[in-house]
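*Asks:* One structure, as structure tokens, below. Some questions next.
There are 2 protein chains.
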Amino acid sequence: MTPELEARFRALVADRDALDGDAAAPKLVEPRGLYRGKAALALTPRTVEQVSAILALAYDNDVAVVPQGGNTGLVGGQTPSPDGAQILLSTAKLDRIREVDAGGALMVAEAGVTLQRAQEAAAEAGRLFPLSLGSEGSCTIGGNIATNAGGTAVLAYGNMRDLVLGVEAVLPDGRIWNGLRRLRKDNTGYDLKHLFIGSEGTLGVVTAAVLKLYPAPRETATALAGLASPQAAVELFRIARAHAGPTLTGCELMPRIGLDFTFRHMAGTRDPLEGPHPWYILLELSSPLEGGLAETLETILGEAFEAGVVEDAAIAASGEQAQAFWRIRHGLSEVQGHEGGSIKHDVSVPLSSVAEFVTEATAAVADHAPDARVVAFGHIGDGNIHFNVSQPVGADKAAYLAGWDAMNRVVHAVVARYGGSVAAEHGVGRLKRGLLAEVKSDVELDLMRAVKRALDPKGLLNPGAILSETRP
Amino acid sequence: MTPELEARFRALVADRDALDGDAAAPKLVEPRGLYRGKAALALTPRTVEQVSAILALAYDNDVAVVPQGGNTGLVGGQTPSPDGAQILLSTAKLDRIREVDAGGALMVAEAGVTLQRAQEAAAEAGRLFPLSLGSEGSCTIGGNIATNAGGTAVLAYGNMRDLVLGVEAVLPDGRIWNGLRRLRKDNTGYDLKHLFIGSEGTLGVVTAAVLKLYPAPRETATALAGLASPQAAVELFRIARAHAGPTLTGCELMPRIGLDFTFRHMAGTRDPLEGPHPWYILLELSSPLEGGLAETLETILGEAFEAGVVEDAAIAASGEQAQAFWRIRHGLSEVQGHEGGSIKHDVSVPLSSVAEFVTEATAAVADHAPDARVVAFGHIGDGNIHFNVSQPVGADKAAYLAGWDAMNRVVHAVVARYGGSVAAEHGVGRLKRGLLAEVKSDVELDLMRAVKRALDPKGLLNPGAILSETRP
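As you go down the protein sequences, you meet chains V and C in turn. When you line the first sequence up against my numbering, it's residues 1 to 472, in that order. When you line the second sequence up against my numbering, it's residues 473 to 944, in that order.
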């Protein structure tokens, strides 16, 4: 980029909002350190008009732009290339909550609002914004939309896609699309918001959204159950769903090794159950109504005990105890980092195949790398398992991670047998774009390319994310 | 079309599946008689491969194709042009339910399966497929997907879009896209199924879908309440939602005139309440659990009585009585036909503006056509009102209907003030394509055209539906 052009970009925002050098550095490496980028300039605009001006200037000068939210993404979708030719556009300072309408059950939030702030603003209005992720303190609504974020509340409330009524987005040529609809039903042509949701910043930059709010829970009941097998976990899910119906708002699978890691590396955690069990389910029931969830939870566990599905269980006696159970679950990603290298798989399979998948993928890994340690956990009611594999104790981390692709092939082969997804909730980004050719038909890849060309004909927005071709 | 080309099309299906003349006639006029088409040939293929072959041949020879499901659509989206140059492709004989997986909570149904058959197949497996419409006996899953159908269960379960896990579609050039995913989470790139859902057959022909199933209700409680105003109706909705939470599965607004029409024209209907009331709400609570819905309903009505929101109410004492309440609601569309011409508006506004919209639009119509009779009813919890206007008693039907566009302008002006939609659940088709230029920004129309060009570059699929340009 010429100094003249750089100066023109800088002039589009306040001085403090054009970063380079050390100020830009934290935005150029993603959380796992798998991708390190370099940017000609990192811009943090504060208005949609500034975003528009930046993209228009980039379009006129064929400059590629990589959008970024809270920089918590796990697939490198937010990291510019290492050649320093791209502009990093952070939406972090588009951080106003424009409106909370409790009666209308909606909120209008800008892209840079953190998920936690959105949750808190809803709670202050006596409402619930249900999306919940480990990174909610720093991930942003814009990033949640760009990646169609999932998390622990999908079972009852759906993915981010299901929580968005409308979006405002800036197109690659700088035009602003105001799609901030507040409607529950609108069939006036193609539903364009669904194109932007989950497109990882490759079709446009989402700058604001209308989000659905739900009644706040007034009653919650939480339990941790120890089980012998993934089959038992699926059976417990089935029993819980049958008795709790839509009040079953959490059903998270955890393996014993995950709890061992937690107790070893997270201060203040302890085992809620007396002895160890191969598997655990964290069950949460919640409801905006008052009405006997504690009894329902007891019924569920009683039936599960009687059927031999559950070995032991603890019901949280207080909100603090429930939070302690959840701290174990939310800490699972982090504690793996203390046990050396971890090769990740964010996969999903149909609900009826979850137990078989976990069993068979574990066996396949045991064949492939006998001393590697499978840490399989996640959202069993969504069929979404984080099938991570930690290095053998004492192994060399770099050498182990060099086997990333080979391990992926072993696990993804089992995913494929069950018609599953190799990118269930984290997205494709740069990390998994090479996998798409293996799991998508030519027809589907052609359709995706056609959509990309139609919306971003110059291929300037987040080039290399999702689709391998840098320019279409 | 040359006789040779016609013969080639005929040869792609069995003899009995290529219709013309009287056999094709019922498929060439839509239910309100607003559009009458003519087709070179009406084909009713039985397999996705036949659909593929038809579209490939059409593509190679630049023949336009109009897809059709159950021919129940209300906006002319399923009717070919009057010039006889197009092929009508009915998916009605793609009518296999390929699979019902109760444990996996899904069903794979072909496009021509009627909604009622899908509901029944789910019920036989102890599950619920929740979509419910007046035309469910004849509308099809393919049409429901093409139009993103709504209906009376959207409040609790969402639109058709929310009930589809995956689709199989044939592209305009004949290629088959197998997107029959069975996953609750899948972020492997652009979510293409959302492009086809609601695209009214202009981007591809959906031939099958994976549908979500829900636990079957085990308990239902139903009431009909008489109220003084739309404001009271909204307040009753608020009270019901607060007490019933997700068990509130129906909340339908009806006006007194609608009940008058019903008792006059539908045999076997009678007023469940003693005196007349200006407005009515049909409330339905249902749950897959057993647990006191009757008490909840009494609590709701008790609080509403105390607050002066409800004037009178009847709780259904049996399933038959509940059905009788629903028969009134489901008959509302039909009975208007017996009262002369009716000018229709299928609109939605944000939840917080429903009462104001009904009041103001009614006043605007009274100004515009003092003796016309407003019949406003629908899904108050979705903000979706069928704001229909029947002709004055004794007026000339044709003369009244000649004022369709002028009446539309009056009502849609109020919709626009509230940021509403002029096509909430019935779609755009040919009837409303002219309205889009008034309610969509240029940016949005450009995006829609870009999508159309990307997927249907020759403009051969359902030309003239949604977008006015016959060829892009």
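For each residue, glycine too, the CB sits at the ideal point set by N, CA and C. All figures in this text were calculated on a predicted structure; none of them were measured in a lab.
1. Just to confirm my understanding: we take residue 278 of chain V, look at its own chain, exclude 5 residues before and 5 after, and list those with CB closer than 6 Å. What are they?
2. Let me know the secondary structure DSSP gives residue 165 of chain V once reduced to three states.
3. Any idea what DSSP makes of residue 400 of chain V, helix, strand or coil?
4. Excluding five sequence neighbours on each side, which residues of the same chain lie with their C-beta closer than 8 Å to the C-beta of residue 690 of chain C?
5. Ignore the nearest five residues each way along the sequence and tell me which others in residue 842 of chain C's own chain have a CB closer than 6 Å to its CB.
6. When you compare the CB of residue 444 of chain V with every CB in chain C, is at least one pair closer than 9 Å?
7. According to DSSP, is residue 296 of chain V part of a helix, a strand, or is it coil?
8. Give the residues of chain V in contact with residue 816 of chain C, contact being defined as C-beta atoms less than 7 Å apart.
9. For residue 472 of chain V, name the three-state secondary structure that DSSP assigns.
10. Is there a Cβ from chain V that is less than 9 Å from the Cβ of residue 503 of chain C?
11. Along the alpha helix (DSSP H) that carries residue 52 of chain V, what are the first and last residues, could you check?
12. Examine chain V for any beta-carbon lying closer than 9 Å to the beta-carbon of residue 481 of chain C, and answer yes or no.
13. Could you tell me the boundaries of the alpha helix (DSSP H) in which residue 3 of chain V lies?
14. Any Cβ of chain C within less than 9 Å of the Cβ of residue 424 of chain V?
15. Excluding the 5 residues preceding and the 5 following residue 943 of chain C in the sequence, name in chain order all residues of the same chain whose CB lies nearer than 6 Å to its CB.
16. From the beta carbon of residue 59 of chain V, is the nearest beta carbon of chain C less than 9 Å away?
17. When the Cα of residue 870 of chain C is compared with those of C/572, C/775, C/505, C/719, which residue comes out closest?
18. Please compile the residues from chain C whose C-beta is within a distance smaller than 9 Å of the C-beta of residue 466 of chain V.
19. Please state if the CB of residue 248 of chain V and the CB of residue 283 of chain V are separated by a distance shorter than 9 Å.
20. Is residue 352 of chain V near the ligand GDP, judged by its Cβ being under 8 Å from some heavy atom?
21. Could you check what DSSP says for residue 78 of chain V in three-state terms: helix, strand or coil?
22. Please report how far the alpha carbon of residue 352 of chain V lies from the alpha carbon of residue 570 of chain C, in whole angstroms.
23. Determine the chain V residues that contact residue 649 of chain C at a beta-carbon separation under 8 Å, and present them in chain order.
24. I'd like to check one pair, residue 162 of chain V with residue 918 of chain C: are the Cβ atoms closer than 9 Å?
25. Any beta carbon from chain C within less than 9 Å of residue 386 of chain V's own beta carbon?
26. Which same chain residues, not among the five before or five after residue 271 of chain V, have their C-beta less than 8 Å away from its C-beta?
27. Determine the contact status of residue 44 of chain V and residue 462 of chain V, defining contact as a CB-CB distance below 9 Å.
28. Only counting the same chain, and skipping five residues up and downstream in sequence, which positions put a Cβ closer than 6 Å to that of residue 70 of chain V?
29. Give the straight-line distance between the Cα atoms of residue 182 of chain V and residue 111 of chain V, rounded to the nearest whole angstrom.
30. Is the Cβ of residue 244 of chain V closer than 9 Å to any Cβ of chain C?
31. So the beta strand (DSSP E) residue 752 of chain C belongs to, where does it begin and stop?
32. Restricting to runs no shorter than 3 residues, where is the beta strand (DSSP E) found entirely within the segment 358-393 of chain V?
33. Using 10 angstroms around the beta-carbon of residue 61 of chain V, count the other beta-carbons present and answer buried if the total reaches 16, otherwise exposed.
34. Please list the terminal residues of the continuous beta strand (DSSP E) segment that includes residue 67 of chain V.
35. Taking only three categories from DSSP, how would you classify residue 608 of chain C?
36. With a cut-off of 8 Å, do at least 3 Cβ pairs link the segment 185-193 of chain V to the segment 827-838 of chain C?
*Replies:* In terms of the structure at hand:
1. 228, 256
2. strand
3. helix
4. 759, 760, 761, 762
5. none
6. yes
7. helix
8. The contacting residues do not exist; residue 816 of chain C stays about 14 Å from chain V at best.
9. With a pLDDT of 38 at residue 472 of chain V, under the threshold of 50, the modelled position of this residue cannot be trusted; read the value that follows with caution. Coil.
10. no
11. 48-60
12. no
13. 3-10
14. yes
15. Only weak support exists for where residue 943 of chain C lies, its pLDDT of 47 falling under 50; the coordinates are left without a value.
16. no
17. C/505
18. 660, 661, 662
19. yes
20. The model depicted lacks the ligand GDP and carries no ligand whatsoever.
21. coil
22. 17 Å
23. 441, 443, 444, 447
24. no
25. no
26. 259, 263
27. no
28. 138, 139, 140, 143
29. 17 Å
30. yes
31. 751-759
32. 373-379, 384-390
33. exposed
34. 65-68
35. coil
36. no
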